[in-house]
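Student:
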Amino acid sequence: MSELSLVVVAGLITFASRASYLWRRSSTVPASPFLEVFPLALFVSLATVGLAAPDGTLEVGPGIAAGIGGILGAVLGRRRILWVIGAGAAAFAVARLV
Amino acid sequence: MHRPSVLQGIRDVAALAPPLFAFGVLFGVLAVDVGMAPWLAVAASLIVLSGAAQFALVGLLPAGAGAVLVAVTGLALRHVPMSAALARLLPAGVGRRRRLALAYVLVDETFGLTVIAARRPGVVIADYKTGADVVLVVNWLIGTTLGAVLGRLVDPTRFGVGELFPLMFLGLAAPLVRGRRAWITAVAAAVAAVAAVTVLPEAWRVTGAAVAAALVGSRVRE
Chain A
88 MSELSLVVVA
98 GLITFASRAS
108 YLWRRSSTVP
118 ASPFLEVFPL
128 ALFVSLATVG
138 LAAPDGTLEV
148 GPGIAAGIGG
158 ILGAVLGRRR
168 ILWVIGAGAA
178 AFAVARLV
Chain B
25 MHRPSVLQGI
35 RDVAALAPPL
45 FAFGVLFGVL
55 AVDVGMAPWL
65 AVAASLIVLS
75 GAAQFALVGL
85 LPAGAGAVLV
95 AVTGLALRHV
105 PMSAALARLL
115 PAGVGRRRRL
125 ALAYVLVDET
135 FGLTVIAARR
145 PGVVIADYKT
155 GADVVLVVNW
165 LIGTTLGAVL
175 GRLVDPTRFG
185 VGELFPLMFL
195 GLAAPLVRGR
205 RAWITAVAAA
215 VAAVAAVTVL
225 PEAWRVTGAA
235 VAAALVGSRV
245 RE
C-alpha cells in the first residue's frame with residue numbers, strides 16, 4: 088500500500104467514525120447519561136495519558152507537576168481554560184528547572 | 025449564519041491556537057523526518073485532520089500499513105460517541121451537507137469548546153462550531169506546512185510542546201466538572217487512564233479509558 092493510499096484510508100476510517108451519527112438528517116440520538124459524561128471522560132483521559140505517560144510509560148516528572156498546576160489553575164481561575172494552561176505551563180517550567 | 029455565534033467560536037478557539045499550531049509544526053517535522061514528502065504531510069493534515077491519528081501514522085509507518093490502520097481505528101473509535109453527543113446538540117433543521125462538514129472537523133478541541141458553549145444561552149451551535157473549525161483547520165494546515173518545509177531547522181519539542189498539549193484537554197475538561205456525576209466521571213477517567221497505560225496498547229488507551237469512565241459516570245445519580 089502506498090503512503091498516499093494509507094493516508095486516504097486513515098482519513099476514511101476517521102471520517103466514517105466522525106460521521107457515524109452526524110450524517111443522519113434528523114436528530115434521532117436519544118438523550119443518555121453516557122453521552123452526557125463522555126466528553127468529560129474523554130478530556131480527562133487525554134490529559135492524564137499525555138501528562139502521566141508522555142513517552143508511553145508512566146513517569147513521575149514535569150508532566151505530573153503540570154497537571155497539578157493545571158488543576159490549581161482551574162480552581163483559582165474559576166475553570167477558565169487559559170488559567171489551566173497558564174498555571175500548568177508555569178508548574179511544568181518550574182518542575183523542569185528543579 | 026448567526027454572526028455572534030461564529031465570532032464567539034473564532035474567539036474561543038483562538039486561545040487554543042498557539043499550542044495547536046506548534047503541534048501542527050511538530051507533525052510536519054516528524055512526517056518529513058520519517059521520509060514522507062512535504063506535500064503528503066500537508067495532504068495528511070487535510071485528509072485525516074486528526075493529530076493523534078496523524079502522529080500514529082508517521083510513528084508506525086516503518087511497521088507497515090496493518091499496524092497503522094489498527095492504531096488509527098483504535099483512535100478513531102472515540103469519535104463515535106463524540107458524533108452522537110454532537111448530533112444531540114444540533115437541531116433537526118441542520119441539513120446533511122452541513123452535518124457532514126461538521127463531522128469532517130469533529131476534533132477533540134472544537135468538540136470540547138462546542139460542548140461547553142452549548143451550556144450558554146443564545147449560542148447557535150452549528151455556527152459556533154463552524155467558526156471554531158475554520159480557524160482550527162487553517163491553523164493546523166499552516167503549522168503542518170511550516171514544519172514540513174522547514175523540517176529539521178525547527179525543533180518544537182524544545183519548547184515542551186508534547187508535554188504541554190495535554191494541558192489543553194485539562195482546560196477543556198475543567199468547565200464540565202460540575203456536580204457529583206461529573207466529579208466521579210473525572211476521577212474514574214484519571215484512574216482508568218493510568219490503568220490503560222499499563223495494560224492497553226498505546227493507540228487504544230484514550231478510547232478505552234474514556235468509554236470505561238463514561239460507563240461508570242453514567243451509572244451515577246446526580
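For the record, the sequence lines run as chains A and B. Quick note: to get the working numbering, add 87 to the position in the first sequence (first position is 1). Quick note: to get the working numbering, add 24 to the position in the second sequence (first position is 1). We put the beta carbon where it would ideally sit given N, CA and C, even for glycine. The structure presented is a predicted model; accordingly, all values stated were derived computationally and were not measured.
Would you give the residue range spanned by the alpha helix (DSSP H) that Ala68 of chain B belongs to?
Tutor: Residue numbering aside, residue 68 of chain B sits at position 44 when the second sequence is read from its first letter. It spans 62–71 - the alpha helix (DSSP H) in which Ala68 of chain B sits, taken as one unbroken run.
Student: Ignoring anything shorter than 4 residues, give me the alpha helix (DSSP H) runs that lie fully in the segment 135–187 of chain B, in order along the chain.
Tutor: Counting whole runs of 4 or more residues, the segment 135–187 of chain B contains the alpha helix (DSSP H) stretches 149–174.
Student: Do Ala95 of chain B and Ala80 of chain B have their beta-carbon atoms positioned less than 7 angstroms apart in this structure?
Tutor: Position 56 of the second sequence holds residue 80 of chain B. Position 71 of the second sequence holds residue 95 of chain B. Yes.
Student: Since Leu99 of chain B and Thr231 of chain B should fall inside the 8 angstroms C-beta cutoff, what is the C-beta to C-beta distance between them, to a whole number of angstroms?
Tutor: Residue 99 of chain B sits at position 75 when you count from the first residue of the second sequence. Residue 231 of chain B sits at position 207 when you count from the first residue of the second sequence. That pair is a contact at about 7 angstroms.
Student: If we count the other Cβ atoms within 10 Å of its Cβ and call it buried at 16 or more, is Asp179 of chain B buried or exposed?
Tutor: As a working mapping, residue 179 of chain B is identified with position 155 in the second sequence. Burial call: exposed.
Student: Note down, in chain order, each residue of its chain lying with its Cβ closer than 7 angstroms to the Cβ of Gly173 of chain A, except the 5 sequence neighbours on either side.
Tutor: Residue numbering aside, residue 173 of chain A sits at position 86 when the first sequence is read from its first letter. Cβ neighbours of Gly173 of chain A beyond the five flanking positions: Gly160.
Student: Contact defined as beta carbons within less than 8 angstroms: I believe Leu126 of chain B pairs with Leu109 of chain A. What is the distance between those atoms, to the nearest angstrom?
Tutor: Within the second sequence, the letter at position 102 stands for residue 126 of chain B. Within the first sequence, the letter at position 22 stands for residue 109 of chain A. Between Leu109 of chain A and Leu126 of chain B the Cβ distance is about 6 angstroms, and since that is below 8 angstroms, they are a contact.
Student: What's the call for Leu142 of chain A, buried or exposed, on a 16-neighbour Cβ count within 10 Å?
Tutor: By one-based count along the first sequence, residue 142 of chain A stands at place 55. Here the sequence assigns Asp to residue 142 of chain A, which means Leu is not the residue at that position. When all chains shown are included, Asp142 of chain A counts as exposed.
Student: Classify Met88 of chain A: buried if its beta carbon has 16 or more other beta carbons within 10 angstroms, exposed otherwise.
Tutor: For the purposes of this step, residue 88 of chain A is taken as the residue at position 1 of the first sequence. Classification of Met88 of chain A: exposed, given that the 10 Å Cβ count is below 16.
Student: Say whether the segment 59–67 of chain B touches the segment 189–206 of chain B, bearing in mind that this needs 3 or more beta-carbon pairs closer than 8 angstroms, one atom from each stretch.
Tutor: Result no; under three Cβ-Cβ pairs closer than 8 angstroms.
Student: Can you find the residues in the same chain that come closer than 8 angstroms, C-beta to C-beta, to Val162 of chain A, ignoring five residues on each side of it along the sequence?
Tutor: The residue you call residue 162 of chain A lines up with position 75 of the first sequence. Nothing meets the Cβ criterion.
Student: Indicate the three-state DSSP secondary structure (helix, strand or coil) for Thr222 of chain B in the structure shown.
Tutor: Mapped onto the second sequence, residue 222 of chain B falls at position 198. Helix, per DSSP.
Student: Run through DSSP, which three-state label would Met88 of chain A get?
Tutor: For the purposes of this step, residue 88 of chain A is taken as the residue at position 1 of the first sequence. The answer is coil: DSSP assigns Met88 of chain A none of H, G, I, E or B.
Student: Of all the options A:Ile158, A:Val131, A:Ala182, which has the alpha carbon lying nearest to the alpha carbon of Ala216 of chain B?
Tutor: Numbered from 1 along the second sequence, position 192 holds the residue referred to as residue 216 of chain B. Taking only the C-alpha atoms, the option nearest Ala216 of chain B is A:Val131.
Student: Would you say Val37 of chain B and Ala156 of chain B are within 7 angstroms of each other, going by their C-beta atoms?
Tutor: Position 13 of the second sequence, counting from 1, holds the residue named residue 37 of chain B. Position 132 of the second sequence, counting from 1, holds the residue named residue 156 of chain B. Yes. Within cutoff.
Student: With distances taken from CA atoms, which of B:Ala108, B:Thr97, B:Val53, B:Val118 is nearest Phe121 of chain A?
Tutor: Residue mapping note: residue 121 of chain A aligns to position 34 of the first sequence, counting from 1. That would be B:Ala108, whose Cα lies nearest to the Cα of Phe121 of chain A.
Student: Going by C-alpha distance, which of A:Ser104, A:Ala134, A:Arg165, A:Phe179 is nearest Pro149 of chain A?
Tutor: Along the first sequence, one-based indexing puts residue 149 of chain A at 62. Minimum Cα distance to Pro149 of chain A is reached at A:Phe179.
Student: Helix or strand or just coil, what does DSSP make of Leu101 of chain B?
Tutor: Your numbering for residue 101 of chain B matches position 77 in the second sequence. DSSP places Leu101 of chain B in coil when its eight states are reduced to three.
Student: For my contact list, Leu83 of chain A and Val218 of chain B are in at a C-beta cut-off of 8 angstroms; report their separation, rounded to the angstrom.
Tutor: Any question about residue 83 of chain A goes unanswered here, given that chain A covers just 88 to 185.
Student: Provide the residue span of the alpha helix (DSSP H) that contains Ser74 of chain B, from first to last.
Tutor: Here residue 74 of chain B refers to the residue found at position 50 when the second sequence is read from its first residue. Here Ser74 of chain B belongs to no alpha helix (DSSP H), and DSSP marks it neither H nor E.
Student: Per the contact definition of three or more C-beta pairs closer than 8 angstroms, is the segment 231–245 of chain B in contact with the segment 197–210 of chain B?
Tutor: Cβ pair count under 8 angstroms is three or more, so yes.
Student: Can you give me the C-alpha to C-alpha distance between Val30 of chain B and Gly59 of chain B, rounded to a whole angstrom?
Tutor: Residue 30 of chain B sits at position 6 when you count from the first residue of the second sequence. Residue 59 of chain B sits at position 35 when you count from the first residue of the second sequence. Each residue's alpha carbon lies about 39 angstroms from the other.
Student: Comparing alpha-carbon positions, which option in A:Val96, A:Pro126, A:Ile158, A:Ser119 lies nearest Arg102 of chain B?
Tutor: In the second sequence, counting from the first residue as 1, residue 102 of chain B sits at position 78. Comparing Cα positions, the closest option is A:Pro126.
Student: How long is the line joining the alpha carbons of Pro225 of chain B and Arg202 of chain B, rounded to whole angstroms?
Tutor: For the purposes of this step, residue 225 of chain B is taken as the residue at position 201 of the second sequence. For the purposes of this step, residue 202 of chain B is taken as the residue at position 178 of the second sequence. Approximately 31 angstroms, taken between the alpha carbons.
Student: From the beta carbon of Pro190 of chain B, is the nearest beta carbon of chain A less than 7 angstroms away?
Tutor: On the second sequence, position 166 is the one that residue 190 of chain B refers to. Cβ-Cβ to chain A under 7 angstroms: yes for Pro190 of chain B.
Student: Which of the three DSSP states, helix, strand or coil, is assigned to Met25 of chain B?
Tutor: Taking the first residue of the second sequence as 1, we reach residue 25 of chain B at position 1. Note: Met25 of chain B maps to coil in three-state DSSP.
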